[in-house]
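In our numbering, the protein residues as written are 81 to 447. Even glycine gets a Cβ: it sits at the ideal position worked out from N, Cα and C. Every value quoted in this text rests on a predicted model; they were computed, and no experiment measured them. Note sheet for the following structure.
This is the structure in structure tokens:
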């Protein structure tokens, strides 16, 4: 048990007054079946060149009450700067302090990384069937916060984890080729609607080359200002939000600003996602202004059974009003070509998308 520390373990030399001694950073930390409790920060990884064999397996990182100094609030359980390949398998990251102990944005972060690559995946315990023990994030302000500035230090993999009762699940900023797959995101809305700090499952800001697939996003209470997935400024490259499920949310997916390129096959595509009838306002939303506010010109194709966009819409505009399937805020947004299967659920329903947004619907002739 390691508890009640400002910095539990650091891979940086500190002076007599705990000041940083630059030039002396790096190290390997291995922890199994360990508990880190009520620390401002449990683990601090500083710059380390080369592969890093550090890993955390079946550990508990927890905040259960105010810290020893109530003026100090939880930061991140683990922070990483200029490291690569640190692994997290089968751990729990939880703030279980009673309601009112911390403001919603003071409940801490699970993992924070800058210019760092890492892996967050289940631990396979051969004595249990099925063997996978996922990482579990609960009751935090944000589960994972990772950004790339000037140096890329390997891939970020976030696979098959549980995010329960979270204000914000995962924020990635400037990250290339991240994998966010097969996670469960359970988002808790803020009591007061705040357009500048909305609750969400996943936010991709200025990212590209990502794999976002097989995730499930849901809001856990009826008060609803939650978003499943934000995508902002993916720009020219062909990127996909693919085969995810969205349930009981203000909006399933929101695309912000510049998510398109000059060529027909460029830009962001939404494919094979499922939006339940409980999605509160919009299934897919495109927001922006001036020259921005577009997604890829082509949404799917019709040259094979698997090539249409394949999304399943909620068709809930009769309950929540118009534009529920597909909404855009920009009056002069470019026309998109949306290719879909013959099933009615795979096309935006007439009256359920914004007439100001030019949509050309094309049905696959056979499927």
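Which of the three DSSP states is assigned to residue i in this structure?
{"i": "residue 204", "result": "strand"}
{"i": "residue 96", "result": "coil"}
{"i": "residue 155", "result": "coil"}
{"i": "residue 426", "result": "helix"}
{"i": "residue 146", "result": "coil"}
{"i": "residue 247", "result": "coil"}
{"i": "residue 310", "result": "strand"}
{"i": "residue 185", "result": "helix"}
{"i": "residue 446", "result": "Bear in mind that a pLDDT of 46 at residue 446, under 50, signals an unreliable position, so the number given afterwards is only what the model happens to contain. In the structure shown, residue 446 sits in coil (DSSP, three-state: anything other than H, G, I, E or B)."}
{"i": "residue 81", "result": "coil"}
Rounded to whole angstroms, what's the CA-CA distance from residue i to residue j? Just pull it up for me.
{"i": "residue 230", "j": "residue 309", "result": "26 Å"}
{"i": "residue 146", "j": "residue 244", "result": "21 Å"}
{"i": "residue 220", "j": "residue 133", "result": "27 Å"}
{"i": "residue 395", "j": "residue 426", "result": "10 Å"}
{"i": "residue 202", "j": "residue 149", "result": "34 Å"}
{"i": "residue 286", "j": "residue 421", "result": "31 Å"}
{"i": "residue 416", "j": "residue 387", "result": "16 Å"}
{"i": "residue 364", "j": "residue 350", "result": "9 Å"}
{"i": "residue 324", "j": "residue 113", "result": "32 Å"}
{"i": "residue 277", "j": "residue 111", "result": "34 Å"}
{"i": "residue 367", "j": "residue 333", "result": "11 Å"}
{"i": "residue 431", "j": "residue 224", "result": "38 Å"}
{"i": "residue 297", "j": "residue 239", "result": "14 Å"}
{"i": "residue 189", "j": "residue 218", "result": "10 Å"}
{"i": "residue 122", "j": "residue 193", "result": "14 Å"}
{"i": "residue 251", "j": "residue 284", "result": "6 Å"}
{"i": "residue 311", "j": "residue 95", "result": "43 Å"}
{"i": "residue 339", "j": "residue 288", "result": "10 Å"}
{"i": "residue 85", "j": "residue 143", "result": "12 Å"}
{"i": "residue 156", "j": "residue 382", "result": "47 Å"}
{"i": "residue 408", "j": "residue 152", "result": "42 Å"}
{"i": "residue 447", "j": "residue 390", "result": "For residue 447, the pLDDT reaches just 46, beneath the cut-off of 50, and the residue's location in the model is therefore unreliable, although a value from the coordinates is still provided. One C-alpha to the other measures close to 11 Å."}
{"i": "residue 247", "j": "residue 385", "result": "38 Å"}
{"i": "residue 175", "j": "residue 164", "result": "26 Å"}
{"i": "residue 124", "j": "residue 328", "result": "37 Å"}
{"i": "residue 267", "j": "residue 305", "result": "10 Å"}
{"i": "residue 442", "j": "residue 116", "result": "55 Å"}
{"i": "residue 185", "j": "residue 336", "result": "23 Å"}
{"i": "residue 356", "j": "residue 404", "result": "11 Å"}
So residue i is in the beta strand (DSSP E); what residue range does that whole segment cover?
{"i": "residue 143", "result": "140-143"}
{"i": "residue 169", "result": "166-169"}
{"i": "residue 344", "result": "Residue 344 -> no beta strand (DSSP E), and no H or E assigned at all."}
{"i": "residue 336", "result": "331-336"}
{"i": "residue 226", "result": "222-227"}
{"i": "residue 136", "result": "135-137"}
{"i": "residue 114", "result": "Per DSSP, residue 114 belongs to no beta strand (DSSP E) and is neither H nor E."}
{"i": "residue 319", "result": "319-322"}
{"i": "residue 255", "result": "Unbroken run through residue 255: none, as it is neither H nor E."}
{"i": "residue 108", "result": "That residue, residue 108, is in no beta strand (DSSP E); it is neither H nor E in DSSP."}
{"i": "residue 175", "result": "172-175"}
{"i": "residue 266", "result": "264-267"}
{"i": "residue 237", "result": "236-239"}
{"i": "residue 121", "result": "121-125"}
{"i": "residue 128", "result": "No beta strand (DSSP E) contains residue 128, which DSSP labels as neither H nor E."}
{"i": "residue 365", "result": "362-367"}
{"i": "residue 180", "result": "Run containing residue 180: none; DSSP gives neither H nor E here."}
{"i": "residue 420", "result": "416-420"}
{"i": "residue 231", "result": "Unbroken run through residue 231: none, as it is neither H nor E."}
{"i": "residue 89", "result": "87-90"}
{"i": "residue 281", "result": "280-285"}
{"i": "residue 299", "result": "296-299"}
{"i": "residue 407", "result": "406-408"}
Hey, is residue i's beta-carbon within less than 8 Å of any beta-carbon in chain C?
{"i": "residue 238", "result": "Considering every chain present, this structure includes no chain C. It has just one protein chain."}
Using 8 Å as the threshold, is the stretch 175-191 in touch with the stretch 201-210, meaning 3 or more CB pairs across them?
-> no
Determine, using beta-carbon pairs with one atom in the stretch 337-357 and one in the stretch 307-324, whether at least three such pairs fall under 8 Å.
-> yes
Counting pairs of Cβ atoms below 8 Å between the stretch 91-107 and the stretch 137-145, do you hit three or more?
-> no
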